[in-house]
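Engineer: UniProt numbering puts the sequence shown at residues 1 to 717. Just so it is clear, CB atoms sit at the ideal spot from N, CA and C, and this is done for glycine as well. On a predicted model such as this, the values are computed, not experimentally measured, just so you know.
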Amino acid sequence: EIHIKEPIEKEVNPRLLPGELLLCEASTVYKYTQEDGSNRGTYGKLVCTNFKISFLDDDSASDDNEPEFKNKIVGENDITLQCVDQIYGVYDEKKKLLTGQLRKYPERLIIYCKDLRVFNFCLRYTKEEEVKRIVSGIVHHSQTPKLLKRLFLFSYASAAPNNTDGRNQTVMFDTLEDWRDELERTKGNVKYKAVTTNEGYRVSEKLPLYFVVPICISEESILKYEGRGIPIWCWSCHNGAALLKMSAFPKEQDDSTSQMQKAFLDGIYKTISKPPYELLKVDDLSSSLPSLQDIQTAYTRFKQLFLIDNSTDFWATDVKWFSLLESTNWLEIIRRVLKKAIEVAECLERQHTNVLLLEETATDLCCVISSLVQVMMDSYSRTKTGFQSLIQKEWVIGGHSFLDRCNHLHKSEKEEAPVFLLLLNCVWQLVQQYPPAFEFTETYLTVLSDSLYVPVFSTFFFNSQHQRDTSTSGESLKTQSGPFRFLTVWDWSVQFDPKAQAFLNNPFYAEKPKPDKSQRKTARFKHQRQLSLPLTQAKPSTKRGFFREETDHLIKNILGRRIGKFINSSDEPPNNIREFYDSWHSKPIDYHGLLIPRIDGPEIKVWAQRYLRWIPEAQLHGGGTIAITAKILDLMEEMQSLQVKMDEEHSQAVSGDVHSVTTPRNSARLSSLFPFALLQRQSVKPALPTSTWKDLEDEDDLVRRDDEFLDLTGDMS
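#1: Are the Cβ atoms of R336 and L289 separated by less than 8 Å?
#2: List the residues that DSSP assigns as beta-bridge partners of A194.
#3: If we count Cβ pairs, one from each stretch, closer than 8 Å, do we get three or more for the stretch 211-231 versus the stretch 329-343?
#4: Bridge partners for Y434 per DSSP, in chain order?
#5: By DSSP, does N575 sit in helix, in strand, or in coil?
#6: Just to confirm, is the Cβ distance from S370 to W235 under 8 Å?
#7: CA-CA distance, G19 and H466?
#8: Counting only the same chain and skipping the five closest in sequence on each side, list residues whose C-beta sits under 6 Å from that of E603.
#9: How would you call D78, buried or exposed, if buried means at least 16 neighbouring beta carbons within 10 angstroms?
#10: Is R150 helix, strand or coil by DSSP?
#11: Helix, strand or coil: which one does DSSP assign to K384?
#12: In this structure, how does DSSP classify Y611 when only helix, strand and coil are distinguished?
#13: Using only the alpha-carbon positions, how far apart do F438 and C237 sit?
#14: In the DSSP assignment, find the beta strand (DSSP E) that holds F264 and state where it starts and stops.
#15: Return the first residue and the last residue of the alpha helix (DSSP H) that W490 is part of.
#16: Skipping 5 residues on each side, what residues in its chain have a beta carbon closer than 8 Å to that of T353?
#17: Identify every run of the beta strand (DSSP E) within the stretch 315-384, keeping only runs that are complete inside it and at least 3 residues long; order them along the chain.
#18: Once you ignore the five residues that flank E205 on each side, which residues in its own chain have a CB closer than 6 Å to its CB?
#19: Go through its chain and collect everything with a Cβ distance to T446's Cβ below 7 Å, but skip five positions before and after it.
#20: Closest to R468 by CA distance: which of S451, I632, D450 and L487 is it?
#21: Grouping DSSP H, G and I as helix and E and B as strand, with all else coil, what is E603?
#22: For the beta strand (DSSP E) that K245 lies in, which residues bound it at each end?
#23: Can you pull the DSSP bridge partners for V84?
#24: When you compare the stretch 308-323 with the stretch 397-405, are there three or more beta-carbon pairs, one atom per stretch, that lie closer than 8 Å?
#25: Identify which residue in Q643, R133, I615 and E637 has its Cα closest to the Cα of S671.
#26: Please classify P14: is it buried, with 16 or more other beta-carbons within 10 angstroms of its beta-carbon, or exposed?
#27: In angstroms with no decimal places, state the Cα-to-Cα distance between R40 and T33.
#28: Residues in the same chain with beta-carbon distance under 6 Å from L16, minus the five sequence neighbours each way, listed in chain order, please.
#29: Checking the sheet assignment: what are the DSSP bridge partners for N505?
#30: Excluding the 5 residues flanking A417 on each side, which residues of the same chain have their C-beta closer than 7 Å to its C-beta?
#31: How big is the Cα-Cα spacing for I628 and F503?
#32: Can you tell me where the alpha helix (DSSP H) holding I222 begins and where it ends?
#33: Which stretch, first to last residue, makes up the alpha helix (DSSP H) that contains T470?
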């Protein structure tokens, strides 16, 4: 049975942003809903612009039933061109990857997105000419290499009115004063100085205009090797120990050059390491952490577990979940990165030793480790403003190659690696282990990961500060009012209204540490080891499977024995690190002090909100972290409303500025998919064994069996 929604009669036009141009469109396109095998869906128009691919149905024309967490730039049926991961065409029930020129056009189009959404469009009822135009247009504009200036970022910036305060309270680190203020905040100005040596980028185009080095480093030393071999300051600990990073010299050099560079480095090290007063530990991350290629391979395998086409595919992988997850190696990489951050924190905190992170460019894994260490050791970095300033300092100004690592221009897959996503995954582990320590929520981290693919903001679309500066100074890129300014992602009002922004702020945040140790101990957050992979259903069931409540003990036992053994056997932490780790975890938690993540076996979890939010089968009805948060927000709104009424009665005067309190959300009707997707109909697990389902080759027979099963069980909605 095919459930068909009648084609729309009225014309629906896409909502275009400033600078956005409609390139091609196709009418009478049928969009399947990713729910079950019943071919449910809706008719509409598929369009492609220089910014996004968008599906428009009759719901797109109305503002009724708009979600509370609506993104003002990217709708639920919009895919930015940079968010497209892969496009497949279906020819006679066979999937084929679409790239470049097409000789034959498919009857179905499947678009896999980098935010893990899957869109399935049927083109059987669309005119042939329109099919050719829309498929060719989508493939060309989202998959072929392009020039930097062809990004929508430039079209938007030149056409949009520049009336937003993009700076907010986030420190951008694009001025000398910003660096001096940071030195003063961390008490690092005694031993370190902000330098202007790279003004005009005369040292290196890869370095920022301003950065911080040890006081005794001369300008000649910085200029000698274009900034290579120079320790660049990241952060200073309360005890005076500092975290530094350095771009290493190329390993393949002739003997005379190597000797000169070695002598240069020896001189540099002596300026930092002055035993017994100043100690230095050099950590070469290229040898102690996975390579970028390993990280990319692991994430590519990992994301495939969540790019689910239909309900049958979901249940087919149900029984193999743990082995499939373990084989990706993604959680192990997260654990190794967190372990390295703990090692660095131990050197700084306990040994009072300066740590110098070494990497070829010092703009990839150096960014990950330095950011993680600061989140763990500096409570300011756990506030929203502090975390955003940290990303600006270490990643945006620090020179992380977002353009190449995210492959926004589709120029080279060899350079692609989810380094920034790796950081967000690691920070999420800390957020879910110690919720009161963070001013922001996991929803904030999820939205931030989505913003990687929105070319309205310049934050994640350049390789360096030099590239950004030269792009804004071009003569062709000036508006009538002068040179334009790019928007920054940190101005959340561009994407969300104030009500939606409330989901980014943590209502459980402990703003001030409690002085009484006994109170801190009783308020300590309990870790739930059995939720190592948060995929259990909310309701118990007699059917067996890894998504059932009755198998919670299996999650604990299997992960504890199998994955735990796999993780811990590879490289046990040294005794002093283990002692530091165990000692910290045996004490009450100071949410404004040092935080050490738990990394043993099942403590490393899957970021459920980001990876499962589009999969109805994995939802928890009326549950999940977001349901609790929504209920707390309801109570806060109610308390604010009561406070307003009390103030009014006390003053016996009604203020004209009082805002009407919104109707509280009914968290009982929410699911763990909220706020990114609405409550979905509960999925029905196949009555047949998984192996039998996979062996059924006749699709028509499969649909008939599915319908028989649904008739027997009745309406589950």
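Structural biologist: Taking the structure as given:
#1: Their beta carbons are under 8 Å apart, which means R336 touches L289 by this criterion.
#2: V212
#3: With the cut-off at 8 Å, the stretch 211-231 and the stretch 329-343 do not touch.
#4: Answer by DSSP bridge pairing: none, since Y434 is not bridged.
#5: helix
#6: yes
#7: 25 Å
#8: none
#9: buried
#10: It is helical.
#11: helix
#12: helix
#13: 19 Å
#14: Element bounds for F264: not the beta strand (DSSP E) but the alpha helix (DSSP H), D255 to I272.
#15: Here W490 belongs to no alpha helix (DSSP H), and DSSP marks it neither H nor E.
#16: A241, L279, L280, K281 and C347
#17: 354-359
#18: H466
#19: Within the same chain, Cβ atoms closer than 7 Å to the Cβ of T446 are found at Q609 and R610, the five residues on either side in sequence being excluded.
#20: Taking R468 as reference, the option from S451, I632, D450 and L487 with the minimal CA-CA separation is L487.
#21: helix
#22: A242 to S247
#23: C113
#24: No: fewer than three Cβ pairs fall under 8 Å.
#25: I615
#26: buried
#27: 6 Å
#28: none
#29: F440
#30: The residues are L292, I295, Q296 and R405.
#31: 12 Å
#32: E219 to K224
#33: Element bounds for T470: Q465 to T472.
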